[in-house]
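What follows is a set of notes on a single structure, which appears directly below.
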Amino acid sequence: MNDAAADTPPVSHLWDYANMGYDLITFSGGKAMRGPQCAGLLIGRKDLVGYALLNNSPNEDTIGRSQKVGKEEIIGMVKALELYLKEDHDALTREWQARLERISGELTKIPGVSTSFFTPDIANHVPHMQISWDSRVALESKQVSQMLRNSKPSIVIGGGEGRPGLTMCSFMLQPGEDKIVAEQLSRVLREHSA
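Under this note's numbering, the residues of the sequence shown are numbered 1 to 194, in order.
Spelled out as structure tokens, the structure:
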């Protein structure tokens with residue numbers, strides 16, 4: 001079994017893992033597919049998926065009963081999957097990168113702040129940006145993360161857990177929200193720069 005909750009995109013992972021020989025693969029519906037948070041996909045061998053289905057009605061006394069998914073979530077997940085499969089994933093990747101570059105353009109105007117781009121090898125295979133700063137910005141990454149979390153609107157960016165700087169991706173941002181992130185992050189870093 002492969003818990004691939006955050007392994008889309010790329011969309012090909014929906015079938016790649018089965019082709020690699022995994023018997024069962026799970027994907028979150030509430031991440032890149034933008035479906036219901038409490039739903040997902042179980043893909044794999046027909047007999048094993050069938051065993052999972054035995055936890056549904058009319059089998060009321062099964063261990064999976066407490067983990068059932070409602071009809072509304074199933075319909076929402078089916079629709080989310082249909083839309084996800086129709087998307088132009090290359091265009092989305094370009095847009096996610098462009099959002100990060102717009103944020104980077106604002107941040108690198110601040111003396112001592114630099115950015116770099118990468119795509120992780122494992123999970124969340126989308127463009128990411130590493131944000132770093134030198135001693136001219138008198139803040140630790142954990143402080144910046146907390147200030148952003150406490151700001152209005154609240155912004156959550158990875159970092160502060162022993163890693164220098166901050167790491168972010170933009171695939172869950174709505175159009176225009178990159179501008180808000182750039183403004184708030186620039187404000188926090190400028191207020192504490194020499």
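Note that beta-carbon positions come from the ideal geometry of N, C-alpha and C, so glycine has one too.
In this text, all values refer to a predicted model and were calculated from it rather than measured experimentally.
Compute the Euclidean distance between the alpha carbons of LYS46 and ALA91, then round it to the nearest angstrom. Taking the first residue of the sequence shown as 1, we reach residue 46 at position 46. Taking the first residue of the sequence shown as 1, we reach residue 91 at position 91. So the two alpha carbons sit approximately 34 Å from each other.
Within 7 Å (strictly less), CB to CB, does ASP3 reach chain B? No chain B is present in this structure, which holds just one protein chain.
Less than 7 Å separating the beta-carbons of LEU189 and VAL137? For the purposes of this step, residue 189 is taken as the residue at position 189 of the sequence shown. For the purposes of this step, residue 137 is taken as the residue at position 137 of the sequence shown. Yes.
Given this structure, state the Cα-to-Cα distance separating ASP178 from ALA123, to the nearest angstrom. By 1-based counting over the sequence shown, the position of residue 178 is 178. By 1-based counting over the sequence shown, the position of residue 123 is 123. Rounded to the nearest angstrom, the two C-alpha atoms are 22 Å apart.
Could you give the distance in angstroms between the alpha-carbon of LYS152 and the alpha-carbon of LEU24? The residue given as residue 152 occupies position 152 in the sequence shown. The residue given as residue 24 occupies position 24 in the sequence shown. The alpha-carbon atoms of LYS152 and LEU24 are separated by roughly 42 Å.
Could you work out which residue in GLU183, ARG34, SER135 is closest to GLU73 when comparing CA atoms only? As a first step, residue 73 is located in the sequence shown; it is residue number 73 there, counting from the start. It is ARG34.
So which of CYS38, ILE43, GLY21 has the shortest CA-CA distance to LEU14? As a working mapping, residue 14 is identified with position 14 in the sequence shown. That would be ILE43, whose Cα lies nearest to the Cα of LEU14.
According to DSSP, residues forming a beta bridge with THR108: Position 108 of the sequence shown, counted from the first residue, corresponds to residue 108. Answer is none; THR108 lacks a bridge partner.
Candidates ASN56, LEU185, MET77: which alpha carbon is nearest GLN146's? Residue 146 sits at position 146 when you count from the first residue of the sequence shown. Looking at the Cα atoms, LEU185 is the closest of the given residues.
Drop a sphere of 10 angstroms on the beta-carbon of PRO127, count the other beta-carbons inside from all chains shown, and report buried for 16 or more, exposed for fewer. Position 127 of the sequence shown, counted from the start, is the residue given in the question as residue 127. Looking at its Cβ environment, which holds 16 or more other Cβ atoms inside 10 Å, PRO127 is buried.
Let me know if TYR17 comes out buried or exposed under the rule of 16 or more other beta-carbons within 10 Å of its beta-carbon. Taking the sequence shown and counting its residues from 1, one reaches residue 17 at position 17. Buried is the call here.
Evaluate PRO36 with the Cβ neighbour count: other Cβ atoms within 10 Å of its Cβ, from every protein chain shown; 16 or more gives buried, anything less gives exposed. The residue given as residue 36 occupies position 36 in the sequence shown. It counts as buried.
Taking all protein chains shown into account, decide if PRO9 is buried (16 or more other Cβ within 10 angstroms of its Cβ) or exposed. To locate residue 9, count along the sequence shown from 1; it is residue 9. It counts as buried.
Below 8 Å on the Cβ atoms is my contact criterion, and I expect ALA39 with VAL69 to pass it. Report the Cβ-Cβ distance as a whole number of Å. Against the sequence shown, residue 39 aligns to sequence position 39. Against the sequence shown, residue 69 aligns to sequence position 69. 5 Å between Cβ atoms; contact.
How would you write the range of the alpha helix (DSSP H) that GLN130 sits in, first residue to last? Translated into the one-based positions of the sequence shown, residue 130 becomes position 130. Not the alpha helix (DSSP H): GLN130 falls in the beta strand (DSSP E), residues 128-133.
Go ahead and pull the three-state DSSP assignment for ILE155. By 1-based counting over the sequence shown, the position of residue 155 is 155. Coil at ILE155, not helix or strand.
Quick one: using the 10 Å Cβ neighbour count with 16 as the cut-off for buried, is MET129 buried or exposed? Residue numbering aside, residue 129 sits at position 129 when the sequence shown is read from its first letter. The residue is buried, with at least 16 neighbouring Cβ atoms inside 10 Å.
For ASP7, is the classification buried or exposed, using 16 other Cβ atoms within 10 angstroms of its Cβ as the cut-off for buried? On the sequence shown, position 7 is the one that residue 7 refers to. Buried.
Between the beta-carbon of GLY159 and the beta-carbon of SER170, is there less than 7 Å? Looking up residue 159 in the sequence shown gives position 159. Looking up residue 170 in the sequence shown gives position 170. Not a contact, by the Cβ cut-off of 7 Å.
Based on Cα-Cα distance, which residue from GLY29, LYS31, ASP3 lies nearest to TYR22? To locate residue 22, count along the sequence shown from 1; it is residue 22. Checking every option, the nearest Cα to that of TYR22 belongs to ASP3.
Rounded to whole angstroms, what's the CA-CA distance from ALA32 to LEU85? Just pull it up for me. As a first step, residue 32 must be located in the sequence shown, where it is residue number 32. As a first step, residue 85 must be located in the sequence shown, where it is residue number 85. Whole-angstrom Cα-Cα distance: 11 Å.
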